[in-house]
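Numbered as in our numbering, the sequence shown ends at 793 without a single skipped number.
Report on the structure given below.
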Amino acid sequence: MAMRKVAKLAALREDRGLRVEIGDEKIMLLRDGDAVRAYSAICPHAGGPLDEGAVCDGRIVCPWHKGTFRLSDGALLEPPPLDRLARYPVEVDGDDVLVSPEKIVEPQPSPPADPRVMLIAGAGAAGAAAVAALREFGFGGRIVLVGREQGPPFDRTSLSKFVVAGQMPPEETPSLLPDTFYADQRIERIEGELSRLDVRRREATLADGHTLQFDAALIATGSVPRALDLPGVDLPGVHMLRTRQDAAAILADVRRGAPAVILGSSFIGLEIASCLREQEMAVSVVAPEEVPFARQFGERIGRSFRTLHEAHGVRFHLGTEAVRLDGTGRVESVVLKDGSVLPARLVIIGVGVRLATEFVEGVEREKDGGVPVDATMRVADQVYAAGDIAAFPLPSGGPRARIEHWRVAQQQARIAARNMLGGDAAYDGVPFFWTYHYEKTFEYLGHAKTWDDVVIEGDLDRQDFAALLVQGGMVGAVVACGRDRVTAILAERLRGPLSTEAALRIIRSA
Ligand SMILES: Cc1cc2nc3c(=O)[nH]c(=O)nc-3n(C[C@H](O)[C@H](O)[C@H](O)COP(=O)(O)OP(=O)(O)OC[C@H]3O[C@@H](n4cnc5c(N)ncnc54)[C@H](O)[C@@H]3O)c2cc1C
Ligand code: FES
């Protein structure tokens, strides 16, 4: 197809893209030194506008969930996207930039035959990222993906944002990879329960008795919601949320105007509170903490979450806990420590998770069930772990940490995949997490356990801010809302030490 004049060369920048549209094609143009690049302006993950993100140190960063691509060729560097950027032919003629709206067809080399068998245990965030990465990195042998949930890996994060809010049917939760991917890429997908994985013998056993010998494995079985040991928790109407089936069961109990009680002020608990207000239920939150998210974000930001939820009609019962759930045939009320009784048609338990690692043999697990790994995500010879279960050394130092974030699970899975094929890559990413309340996305970058100052730029109460959690003048983590481009830049800058002043300059100038 003919090239079209779409922009003046002088309008292109090196630090962000320029969007042009030809028919339905949304194309992002970028300066890369003397070269001009033309990529899809739409992120292959969830459609983020890449021209509103950032370009730093040769990396394009998506504003929405910080997926990154290589500036020079659009290759995928970091998830959540699991695919590269589409490229378009581009030319410069004097002052003019010309682009063809026909995407470049990328070569699909057939990987060489390989006798090895790769087992991916757990078909969630990390599992999907691992199978995609193994093929992307040129592995041509058998890949077996085992997961106990029905259907191919899906976007779990949507459950507590759109599905329980009634905006997306559970069965339409987006798949992480195209439906044709598994057949096209010869991924053997087994829907089943792993009852044993012997790290030393490199052998996995399924609950139905099948065994599988593997040459290398990734253990990525994630978490399951932690139950509460309370009288009445087994009554119908009491739920936890991890799977599409859980979401469907919650939706079946949603009734407009009826009372719902959330036990726990966790991210999932409060995201569900927001969903149930969307569904016009009368929502109460009960939790032992005095301020939600104070441990992660500090008291001031935590209080602003409480204010946001109260402004939308949520009632908080904090500094207390439930002692009993009552009801005949189904849950009808929640009894608190001080004897007060909250009516409840629906109860959600959102008090954290326990790790799904009981089936792993031959490794000493941590007290919480975490599987210790080194920086290359290696558990033992040819066995790796990623995601919620992996206790890994943070690039910033300190004791091993486990981080329950979607993007971290996928970043680690790509590193593990590289190393299963003989590489020696180490996790050096910047942890990133997002959470969604009343149509506002809050972002968290980095990993700070302690801080001596919280520096806030912007307006917390209007959900338009970037806050720095600072220790000794250096930024440990960033919490932000409504500042996608700033966080895209900071996600890159936090790869090294970042002073408060330098971070503030970025925030004020972006
Ligand atoms: C409702 C909800 C919303 C969330 N929202 C966000 C968010 O907005 N942002 C964010 O950063 N994080 C979010 N998280 C956290 C995020 O989903 C997890 O950190 C991430 O999924 C971890 O990835 P993983 O691959 O380790 O585990 P998972 O994605 O949980 O995948 C593990 C898979 O292994 C399977 N499995 C477990 N045991 C076995 C077994 N014995 N045999 C076979 N299969 C097994 C499980 O069924 C599961 O499918 C959310 C979590 C939930 C539940
Ligand atoms: S939309 Fe780009 S990373 Fe999610």
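Think of the CB as a built atom: it goes at the ideal place given N, C-alpha and C, for glycine as much as any other residue.
Computed from a predicted structure; not experimentally measured.
With contacts defined as CB atoms closer than 8 Å, ASP657 and PRO678 fail to qualify as a contacting pair. Looking at the DSSP output, PHE599 sits in a beta bridge with VAL568.
With 16 or more neighbouring CB atoms inside 10 Å of its own CB, GLU554 falls in the buried class.
For TRP734, the CB stays at least 7 Å from every heavy atom of ligand 2. When DSSP states are grouped into helix, strand and coil, ALA406 belongs to the coil group. According to the DSSP assignment, ALA668 belongs to the beta strand (DSSP E) that extends over 666-668. Between GLY540 and ALA570, the C-beta gap is not smaller than 8 Å, which leaves the two residues out of contact. For GLY741, the closest alpha carbon among the candidates TYR371, ARG776, ALA530, CYS764 is that of CYS764. In this structure, GLY405 places its C-beta atom within 8 Å of the C-beta atom of ILE502. The segment 555-564 and the segment 444-459 touch, with three or more beta-carbon pairs separated by less than 8 Å. Within the chosen limit of 7 Å, ligand 2 does not reach the beta carbon of HIS688 with any heavy atom. Here PRO395 is exposed: its Cβ has fewer than 16 other Cβ atoms, across all protein chains shown, within 10 Å. In this structure, the alpha-carbon of VAL507 lies about 11 Å from that of GLY633. Where GLN433 is concerned, there is no enclosing alpha helix (DSSP H), because DSSP gives it neither an H nor an E.
At a Cβ-Cβ threshold of 8 Å, GLU471 and ARG399 do not count as neighbours. Across the structure, ARG287 and GLY712 are spaced so that their CA atoms are roughly 39 Å apart.
Taking a 10 Å sphere around the C-beta of PRO327, we find 16 or more other C-beta atoms and assign the residue as buried. For ligand 2, residues qualifying as neighbours are CYS326, HIS328, ALA329, GLY330, GLY331, CYS345, TRP347, HIS348, LYS349, GLY350, PRO363, PRO364, where qualification means a beta carbon closer than 7 Å to at least one of its heavy atoms (chain order). When distances are taken from the beta-carbon of GLU432 to the heavy atoms of ligand 1, the shortest one is below 7 Å.
Within the same chain, and ignoring the five residues on either side of LYS620 in sequence, the residues whose Cβ sits closer than 6 Å to its Cβ are THR603, GLU604, VAL606. Remark: the C-beta of ILE426 is outside contact range of ligand 1, defined as less than 7 Å to any heavy atom. Judged by their CB atoms, VAL568 and PHE599 are nearer to each other than the 8 Å cut-off. For GLY729, the uninterrupted beta strand (DSSP E) segment begins and ends at 723-729.
Burial state of GLY756 is exposed, judged by a 10 Å Cβ sphere holding fewer than 16 other Cβ atoms. A buried status is given to GLU775, since no fewer than 16 other beta-carbon atoms sit within 10 Å of its beta-carbon.
Taking C-beta atoms under 8 Å as the contact rule, ALA411 and ALA700 fail to qualify, at a distance of about 11 Å.
The count of Cβ pairs closer than 8 Å, one atom from the segment 686-699 and one from the segment 347-366, reaches three, so the stretches are in contact. Relative to ligand 1, even the nearest heavy atom lies 7 Å or more away from the CB of SER458. In this model, ILE305 and PRO332 are separated by some 16 Å (Cα to Cα). Straight across, the Cα-Cα distance linking THR770 with ALA793 is about 10 Å.
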